[in-house]
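K.L.:
Each residue of the sequence shown is one higher than the one before, counting from 162 in this note's numbering.
Think of the CB as a built atom: it goes at the ideal place given N, C-alpha and C, for glycine as much as any other residue.
I am attaching a structure below and will ask some questions about it afterwards.
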Amino acid sequence: MKRPAILLVNPYLYDFAAYDLWIKPLGLLYLGAVLGENGCDVTLLDALDRHHPDVLALQNRTHAKSKQYGDGYFFKETVEKPREFSDV
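Laid out in structure tokens, this is it:
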């Protein structure tokens, strides 16, 4: 019997003041551990991983810009305002 494949997603957030103070998806990691111990193939997609090579490539960097204790800003880009909010 094939093992169930489970994808856990920690989604990106659209917040103009997002800052990484050691934010880790602890609940998803615990859930993934339990699922793995019970026979599932688990994959975690962490869209808030500041150290992922694709994110670093967007910034023309080889490593994440971090402060003294490893904290730092998330990747930022300007997104177009939705038409529904053009008056705001």
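DSSP state of V195, grouped into three classes?
P.N.:
Looking at V195 - three-state DSSP - the assignment turns out to be helix.
K.L.:
For chain B, check one thing: does any of its Cβ atoms lie closer than 8 angstroms to the Cβ of K163?
P.N.:
The displayed structure is made up of one protein chain only, and chain B is not part of it.
K.L.:
Among residues of its own chain, excluding the 5 on either side of A225, which ones have a beta-carbon nearer than 7 angstroms to its beta-carbon?
P.N.:
Within the same chain, A225 has close Cβ partners R211, H212, L217 and G233.
K.L.:
Could you pull out every residue in the same chain whose Cβ sits closer than 8 angstroms to the Cβ of K201, ignoring the five residues on either side in sequence?
P.N.:
Before going further, note that residue 201 is Cys rather than Lys in the sequence given. Excluding sequence neighbours, C201 sits near R164, P165, A166 and I167.
K.L.:
Give the DSSP-derived three-state secondary structure of L209 in the structure shown.
P.N.:
Of the three classes helix, strand and coil, the one that applies to L209 here is coil, per DSSP.
K.L.:
CA-CA distance, D248 and L196?
P.N.:
In a straight line, the C-alpha of D248 is about 46 angstroms away from that of L196.
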